[in-house]
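Here the sequence shown stands for residues 0 to 303, numbered as in numbering that gives the first Met the number 0. Where is the CB? At the ideal position from N, CA and C, for every residue including glycine. Working notes, beginning with the structure itself.
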Amino acid sequence: MDYQKIIDDLHLKYKNAVNKGKIATYIPELKKVPADKFGINLFTLQNQSFGAGDYQEKLSIQSISKVYALTLALKEIGEKLWKRVGVEPSGDPFNSLVQLEFEKGIPRNPFINAGALVVCDILISNLKSPKVEFLNFVRKLTNSKDIYFNEKVVASEKKYGFVNAAHVNLMKAFKNIKNDIDVVLDLYYHICSIEMTCEELSRSFLIFTNDGILPYNKERIISLSVSKRINASMQLCGLYDEAGQFAFKVGLPGKSGVGGGIVAIHPDLYCITTWSPKLNKKGNSYIGFKVLEEFTTITQSSIF
Ligand code: GLN
């Protein structure tokens, strides 16, 4: 399979395609990113990297970080986590408050904002220095020290994060948040603000391609069972209320963020990451989704 040619061709085709998406404006700092940024990277289990466009430029990973948070929290407390967060698709937008009251403060899954906020609460209860340890965990998965929080993005989200604050307050009332509300929001905004390249994102997600083992040093990070479950959660919930379309059209577990990144995992062969900041109505990258759909069609690598 000539992955480089396939990626180059897709990059060329979609660089000039009509883009009906819109940049996320509710986080003012994200508005500053040029809308025409576009990168694709594929990283294989054989340690080969294929990239096109802006795949070595940093992007705001936003909700993609929720996968690292879940992984680290499962390492810390294991199965107990599922008493406080569900595993069902929400069918609602990532920041919707609607189900949370009916379901008594237990978020549907770890990838909507409410779920990730509970996961952050768990990390705070279990880690000595949550921010430092979180960043070190992501650096370890990526095999790179060059990964940082963006404090401007943190400040921007804090200033306008009324809905996230509403989520934490509601869950605190239902006793599903144990720590101080501001401390939970602070960790959540920090993990969302991390900046990575498409190539770093693909590389860091390879543990989910490799049954929980880091390919570069063969260290087991999570068990086979946990790795499978995280992939299952990404398949069902990783693209929020568009997860069904993503399974239907792309056919791989994946996770998106409002910075315009999408990571998709083939649980045997590769990770692929796309970046194009303009989002569709569900908050997922408009062009990224199309590129991934065409990629799995051409390579016949949907898992179904
Ligand atoms: N930080 C963003 C928020 O809380 C993350 C959302 C996303 O990427 N879907 O709204």
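Query, Result
"Among Gly-20, Gly-237, Gln-299, which residue has its Cα nearest to the Cα of Lys-280?", "Gly-20"
"Ile-264 lies in the alpha helix (DSSP H); which residues open and close that run?", "Per DSSP, Ile-264 belongs to no alpha helix (DSSP H); it is in the beta strand (DSSP E), 260 to 265."
"Going by DSSP, what residue range makes up the beta strand (DSSP E) through Ser-255?", "253 to 255"
"Is Gly-90 near the ligand GLN, with its Cβ less than 7 Å from a heavy atom?", "no"
"Given a threshold of 16 other Cβ atoms within 10 Å of its Cβ, counted over all protein chains shown, does Tyr-215 qualify as buried or as exposed?", "exposed"
"Can you grab the Cα-Cα spacing for the pair Ser-364 / Trp-274, in whole Å?", "Beyond the ends of the chain as shown, which are 0 and 303, falls residue 364; an answer cannot be given."
"I'd like the span of the alpha helix (DSSP H) that includes Gly-52, first residue to last.", "Gly-52 -> not in any alpha helix (DSSP H); beta strand (DSSP E) instead, spanning 48 to 52."
"Skipping 5 residues on each side, what residues in its chain have a beta carbon closer than 7 Å to that of Leu-251?", "Ala-263, Ile-264, His-265, Thr-295, Ser-301, Ile-302"
"Thinking just about the alpha-carbon of each residue, which of Asn-112, Ser-89, Leu-96, Tyr-159 is nearest to the one in Thr-24?", "Tyr-159"
"List the residues that DSSP assigns as beta-bridge partners of Leu-278.", "Lys-21, Ser-284"
"If I'm right that Asp-240 touches Ser-89 with Cβ under 8 Å, what's the distance once you round it to whole angstroms?", "7 Å"
"From the DSSP secondary-structure annotation, give me the bridge partner or partners of Tyr-147.", "Glu-194"
"Expressed to the nearest angstrom, what Euclidean distance is found between the alpha-carbon atoms of Phe-247 and Arg-107?", "21 Å"
"Suppose the cutoff is 6 Å on Cβ atoms and the five residues either side in sequence are ignored; what does the same chain contact list for Val-66 look like?", "Lys-254"
"Does Ser-300 come out as helix, strand or coil in the three-state DSSP assignment?", "coil"
"Any contact of the region 47 to 58 with the region 4 to 11, i.e. 3+ C-beta pairs under 8 Å?", "yes"
"When you get a sec, list the residues whose CB is within less than 6 Å of any heavy atom of the ligand GLN, chain order please.", "Gln-61, Ser-62, Phe-93, Asn-94, Asn-112, Glu-156, Asn-163, Cys-191, Gly-256, Val-257, Gly-282"
"At a threshold of 7 Å, does Ala-16 count as lining the ligand FMN (C-beta to nearest heavy atom)?", "Looking for the ligand FMN in the displayed structure turns up nothing; the ligands present are the ligand GLN."
"How many angstroms separate the CA atom of Lys-277 from the CA atom of Ile-221?", "34 Å"
"Just the Cα atoms here: how many angstroms apart are Asn-178 and His-166?", "14 Å"
"Kindly indicate which three-state DSSP category Tyr-2 falls into: helix, strand or coil?", "helix"
"Considering only residues of the region 158 to 219, which uninterrupted beta strand (DSSP E) runs meet the minimum length of 3 residues and lie entirely inside it, listed in chain order?", "none"
"Is it buried or exposed for Ser-226, if we count other Cβ within 10 angstroms and need 16 for buried?", "buried"
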